[in-house]
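Here's the structure, in structure tokens; my notes come after.
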Ligand SMILES: [Zn+2]
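Numbering (the working numbering), first residue to last: 312 to 563.
Laid out in structure tokens, this is it:
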């Protein structure tokens, strides 16, 4: 992170020096580093600010299924049934305030042998990138408190839509949280229905892939759970198992 900030400040200083005689170069020096910083904040799997794991090391036909934005009283029980029927294991990146509202669902996820991970307390999608250090700390600590109240101490974190902030790296380190991205996602709001969501989720499928789907009311009703069912069917057809990798397996 500090490298990006130093580049940014050096660019500003150089822009002031050069800008008097070469305005175009001055503008490029002023705004260029901002674009670089914006790239590493907004592009979900960009690695400059926070190391976002995008795959895991495995020699077997295994993938890591991750489900964001729950728990959800309508979806989570159905998802647990589907996973059990397929013998699949997954990680649920849950929203703290939803976990606080439905602690029994968190306990049911854990009891079924799945992992519960941290996805902020309120899912501040539009404002997380510019959140103050105090706000970032509250998002992490309130979410941790909600999960601990349900009996879980998470070790993994995913920022909303993969959007990071300047204060996130230190805040994650202080709480021993590892950040997880993905190698493919369903993009459930894009056009095309269940088959298209499944196809996007399985694009470039390979051992060690991290797949991202969502549960809960943010997903269109016609897609919810159905897309996951289709993904699980296709994974079974292709001989893939859904596993939760150990910390040492995570890779870039
Ligand atoms: Zn989310």
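We put the beta carbon where it would ideally sit given N, CA and C, even for glycine.
Asked, Found
"By DSSP, does residue 432 sit in helix, in strand, or in coil?", "coil"
"I need the DSSP call for residue 453, collapsed to helix, strand or coil.", "helix"
"Specify the secondary structure class of residue 366 as computed by DSSP and reduced to three states.", "strand"
"State yes or no: is the C-beta of residue 472 nearer than 7 Å to some heavy atom of ligand 1?", "yes"
"Indicate the three-state DSSP secondary structure (helix, strand or coil) for residue 499 in the structure shown.", "coil"
"Using a 10 Å radius around the Cβ and a threshold of 16 neighbouring Cβ atoms, would you call residue 441 buried or exposed?", "exposed"
"Please check the pair residue 407 and residue 457, which I expect to be a contact at CB under 8 Å, by giving their CB distance rounded to whole angstroms.", "4 Å"
"Between the beta-carbon of residue 521 and the beta-carbon of residue 492, is there less than 8 Å?", "yes"
"On the CB-based measure, 16 or more other CB atoms within 10 Å of its CB, does residue 328 come out buried or exposed?", "exposed"
"Helix or strand or just coil, what does DSSP make of residue 320?", "helix"
"Assign residue 392 to one of two classes, buried (16 or more other C-beta atoms within 10 Å of its C-beta) or exposed (fewer than that).", "exposed"
"Can you give me the C-alpha to C-alpha distance between residue 339 and residue 333, rounded to a whole angstrom?", "10 Å"
"Would you tell me roughly how many angstroms separate the C-alpha atoms of residue 481 and residue 395, rounded to the nearest one?", "37 Å"
"Tell me whether residue 331 is buried or exposed, calling it buried when 16 or more other Cβ atoms sit within 10 Å of its Cβ.", "exposed"
"Take residue 369 and list the residues in its own chain whose beta-carbon comes closer than 6 Å to its own, dropping the five residues that flank it on each side.", "518, 519"
"Compute every distance between the C-beta of residue 453 and the non-hydrogen atoms of ligand 1, then say whether any falls below 7 Å.", "no"
"According to DSSP, is residue 525 helix, strand or coil?", "strand"
"Report whether the distance from the Cβ of residue 380 to the nearest heavy atom of ligand 1 is below 7 Å.", "yes"
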